[in-house]
Amino acid sequence: MPKRNILSVLVAASLMAGCQAVNTTSGGAVGVERKQYMFSMLSTEQVNQMYAQSYQETLSEAASKGALEKNSAISKRINAIAQRLIAQVGVFRPDAAQWDWDVNVIDSEELNANCGPGGKIIFYTGLVEKLNLTDDEIAAVMGHEIAHALREHGREAMSKAYGVQMATQLGSAFGVDAGSLQLANMGVEYLMTLPNSRSNENEADLIGLELAARAGYNPKAAISLWQKMASAGGSAPPEFMSTHPSSSSRIEALRNTVPKVMPLYEQARR
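With mature numbering (1 follows the signal peptide of the UniProt record, and there is no 0) applied, the sequence shown corresponds to residues -21 to -1, 1 to 249, in that order.
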C-alpha cells in the first residue's frame, strides 16, 4: 500500500475520532509548552473515573494483605511531603488544586511510586527504604509523578492508542492488507508513541523539579535520585527503543534545568 494511502487512513481516523490539540498546563519557569493531542470523546472526567476504580482495587488488595500503611512513620513522612507539593500544583494547573487528592503508602519491596489521573498517589516503601531516600529525593519522585497527572499523560497515551485502533478499523474497511496495517501501526508506535513517551518523561522531570523547588525541597536532589535509580536498575535498554530517557541524558537535562528553579527554592526556604 502506498505511503500516502496509509497516511490518509491515519488522518481520516484522527478526524473521525475528534482529535484536538490542547495544552493541559502552563509552562512554568521550566517552559513546558508542548501541545497535546486528545480525543474529545475521551474526557478528563472519564479517565479520572476509570483510574479511581483501579486505584481503589489496588488499595483494597493491599489492605487485605495487611500492606496498607496508614499511621506508620514512613506514611506520615510521605503524606507530609505530598501536602507541600500539592499546595503548588495551581502554578501549573489551577483546577488541580480542587482535585480529590489522595495519598497512600503500600508496604512492598517494589521500587515504585505513581500519581494517577485526578491526583491519586501511591508510594511503595521499597523505593524509600532500599534507596535510602532523603525528603528532597522523595519530593523529586513525587513531583515527577504528580506532573504526569497534571499533564494528563495517561489520557494522552489512551488517545494515541485509540487512534491506532481507529486507523486499523478504517483500514480494514478500505480493504488494506494486514502487512500494510502492521507497517502503519509500527510507524505510529515508533514515530509517535515512543518519542512522545520519552517526551512525557522529560516533561514530568522538569515540572516535578519546579514543584519540588516551590515546595522548599532542594531541586539538586533529583540528580542524586536518578543516580541512585541508575545504580539500582542495572543494565538499561538502548534509549532509542525505550519509553524512558537513559539515566545519563535524564541527569544531564535535570542538571541543566536546576539553575532555572534554584531561585524558587531559595525563595521558598526564606
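We treat Cβ as the ideally placed atom computed from N, Cα and C, and that holds for glycine. Because the structure is a prediction, the values reported are computed rather than measured.
Exercise. Which word fits G97, buried or exposed, when buried means at least 16 other C-beta atoms lie within 10 angstroms of its C-beta?
Worked result: So G97 ends up on the buried side.
Exercise. Since V26 sits in a beta bridge, which residues does DSSP pair it with?
Worked result: DSSP, once it has assigned bridges, lists no residue as partnering V26.
Exercise. Quick one, which of Q35, V84, F71 and S33 has its alpha-carbon nearest I57's?
Worked result: Of the candidates Q35, V84, F71 and S33, V84 places its Cα closest to the Cα of I57.
Exercise. What does a CB cutoff of less than 8 angstroms around R134 pick up in its chain, not counting 5 residues either side in sequence?
Worked result: Only M17, L21, T23, V26 and P96 meet the Cβ criterion.
For this session: State whether the segment 108 to 125 contacts the segment 187 to 205, with contact taken as three or more CB pairs (one from each stretch) at a distance under 8 angstroms.
Result: The segment 108 to 125 makes contact with the segment 187 to 205: 3 or more CB pairs, one atom from each, lie closer than 8 angstroms.
Exercise. Count the other CB atoms within 10 Å of the CB of M(-1); is the residue buried (16 or more) or exposed (fewer)?
Worked result: Residue identity differs from the one stated: residue -1 is Ala in this sequence, not Met. Exposure of A(-1) is indicated by the presence of fewer than 16 other C-beta atoms within 10 angstroms of its C-beta.
Problem set entry | Counted within 10 angstroms of its Cβ, other Cβ atoms place N179 as buried (16 or more) or exposed | Residue burial annotation: N179 is buried, with at least 16 other C-beta atoms found within 10 angstroms of its C-beta.
Exercise. When DSSP labels each residue in this structure, what does N2 get in the three-state scheme?
Worked result: Here N2 sits in coil by DSSP.
Exercise. Ends of the alpha helix (DSSP H) at E114?
Worked result: In the sequence as displayed, the identity of residue 114 is Asp instead of Glu. Its alpha helix (DSSP H) spans residues D114 to L129.
Exercise. By how many angstroms is the C-alpha of D114 removed from the C-alpha of S39?
Worked result: CA-CA distance, S39 to D114, rounds to 27 angstroms.
Exercise. Out of K49, Y141, A76 and E36, which has the shortest C-alpha to C-alpha gap to V82?
Worked result: When each option's Cα is compared against that of V82, the closest is K49.
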